[in-house]
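Asks:
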Amino acid sequence: MGIKFRNFLALCMSLSFLTTAIAQTIVSGTIMDERINIPLPGASIIEKGTTNGAISDFDGNFSLKITEGSGEIEISYLRYTTITLSFDGDSDLGTISLSTKKKKKKKKKKKKYGKKNINK
Numbered sequence: 006m007g008i009k010f011r012n013f014l015a016l017c018m019s020l021s022f023l024t025t026a027i028a029q030t031i032v033s034g035t036i037m038d039e040r041i042n043i044p045l046p047g048a049s050i051i052e053k054g055t056t057n058g059a060i061s062d063f064d065g066n067f068s069l070k071i072t073e074g075s076g077e078i079e080i081s082y083l084r085y086t087t088i089t090l091s092f093d094g095d096s097d098l099g100t101i102s103l104s105t106k107k108k109k110k111k112k113k114k115k116k117k118y119g120k121k122n123i124n125k
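End of the sequence shown = 125 in my numbering, gap-free, step of one.
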């Protein structure tokens with residue numbers, strides 16, 4: 006192989022790695038409880054339609070490398086309503102407030118007692 010061809014091949018490989026690095030954007034934010042305004046550590050942040058995700062830290066902060074320039078992320082936390090947010094490029098989504106799910110009231114079952122006829 007000639008030196009020019011090797012240099013050209015090395016340049017092509019370098020550019021392919023560069024475009025992969027450029028394509029990744031970062032979405033960040035802080036996840037808080039809507040009612041009492043405290044951070045929610047351990048909240049799940051997933052890039053919708055992929056398995057790419059992150060978990061919020063102790064202070065509710067997260068940073069997620071996204072493979073596409075725009076799309077949606079889904080944020081969920083146990084006993085809280087799951088929300089979906091859109092992003093476009095590098096985005097700091099700021100403070101994201103999650104609300105608790107409303108409890109369903111349990112219906113009380115009425116016990117029915119029948120009359121027994123006992124013949125002796």
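Every residue, glycine too, gets a C-beta built ideally from N, C-alpha and C. Please read these numbers as outputs of a predicted model, since none were measured by experiment.
According to DSSP, what are the bridge partners of E79?
Replies: The partner list for E79 (beta bridge, DSSP) reads I51 and T89.
Asks: Just list the residues that DSSP pairs N66 with in beta bridges.
Replies: DSSP, once it has assigned bridges, lists T35 as partnering N66.
Asks: Do you know whose CA, among L103, K112, K70 and G65, lies nearest K53's CA?
Replies: Of the listed residues, the one whose Cα sits closest to K53 is K70.
Asks: What is the DSSP secondary structure of I101, counted as helix, strand or coil?
Replies: DSSP places I101 in strand when its eight states are reduced to three.
Asks: Identify the continuous beta strand (DSSP E) that holds I41 and give its terminal residues.
Replies: It is not in any beta strand (DSSP E) - I41 carries neither H nor E in the DSSP assignment.
Asks: Using 8 angstroms as the threshold, is the C-beta distance between I60 and I80 below it?
Replies: It is not a contact, given that the beta carbons lie outside the stated cut-off.
Asks: Please report the straight-line C-alpha distance between S96 and D62, rounded to a whole angstrom.
Replies: One C-alpha to the other measures close to 18 angstroms.
Asks: How would you label L83, buried or exposed, when you count the other beta carbons within 10 angstroms and need 16 or more for buried?
Replies: The residue in question, L83, is exposed, as its Cβ has fewer than 16 Cβ neighbours within 10 Å.
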